[in-house]
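Heads up: the sequence shown at position 84 corresponds to 84 in the UniProt record's numbering, and the numbers run straight through without jumps.
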Amino acid sequence: MKDSSTQSSVLALPQGAFNSKEQSAEWRETMADFPSGVTIVTAMENGRPLGSTVSAFCSLSLRPRLLLVCMDLRSHTLAAINKSHAFAVNILSDRAQSLALKFGAKDGDKFSDVDYEIGDMGCPLLTDCCVNIECRLGASYIEGDHAILTGQPERIVREPTRSPLVYHRGAFRA
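Laid out in structure tokens, this is it:
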């Protein structure tokens with residue numbers, strides 16, 4: 001049963017929707033209503049660690065174990081993953097908001113003053129996380145302005161006493 005005391009909005013989706021700035025902003029607000037975990041996807045390129053904050057991450061399959069990550073096509077981290085065929089998903093703990101912001105920036109040395117170790121597959125594993133998942137790249141698809149990557153987990157490190165960082169409606173939450 002719907003509560004009539006709350007107001008909802010209806011967004012009409014005409015042909016070619018979300019081509020204007022206003023429509024893009026409305027879509028961004030719509031997607032912000034869905035809370036998501038916050039991850040940093042990392043890889044190596046010529047001995048240099050790279051990483052990007054990613055909220056588009058989920059389990060894809062249990063048998064075989066697969067996960068899914070979506071990354072901006074302009075990402076240097078994505079380019080490194082495509083070359084090395086390996087990456088790590090670092091699920092941030094609730095005390096790692098500063099890391100999410102740092103790795104969400106377009107430029108700069110994201111790994112300066114960041115604690116990490118190199119995993120078995122050669123990818124950086126951040127230490128302030130609930131989980132680190134080292135993956136072999138499965139498949140890669142391009143849709144819109146993002147690449148959809150599937151990963152085959154090869155090694156998982158869990159810190160079960162830590163709680164995850166969550167992003168919802170433009171704010172970080174524990």
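C-beta atoms are modelled at their ideal positions from N, C-alpha and C, and glycine is treated no differently.
Notebook entry, point to check: Can you check whether the CB of Asn-90 is closer than 8 Å to the CB of Thr-42?
Noted result: Yes, Cβ-Cβ distance for Thr-42 and Asn-90 is below 8 Å.
Item checked: Gly-119 burial status per 10 Å Cβ neighbour count (16 or more: buried) -> Buried, because 16 or more other Cβ atoms sit within 10 Å of the Cβ of Gly-119.
Notebook entry, point to check: DSSP three-state call for His-168: helix, strand or coil?
Noted result: His-168: strand per DSSP, three-state reduction.
Next item on the list: Please list, in chain order, all residues of the same chain as His-168 whose beta carbon is under 6 Å from its beta carbon, the five residues on each side excluded.
Entry: Hits under 6 Å: Pro-35.
Next item on the list: Following the continuous alpha helix (DSSP H) through Asn-46, name the residue where it begins and the one where it ends.
Entry: Here Asn-46 belongs to no alpha helix (DSSP H), and DSSP marks it neither H nor E.
Checklist line | Every unbroken alpha helix (DSSP H) within the UniProt domain "Flavin reductase like" (31-174), with a cutoff of 4 residues, ordered by chain | finding: The alpha helix (DSSP H) runs lying completely inside the UniProt domain "Flavin reductase like" (31-174) and spanning 4 residues or more are 76-84, 97-104, given in chain order.
Item checked: Among Glu-29, Ser-20, Ser-55, Lys-102, nearest to residue 190 - alpha-carbon criterion -> No information on residue 190 is available, as it lies outside the stretch 1 to 174 that the chain covers here.
Check: Roughly how many whole angstroms lie between the Cα atoms of His-76 and Asp-128?
Finding: Their Cα atoms are separated by approximately 22 Å.
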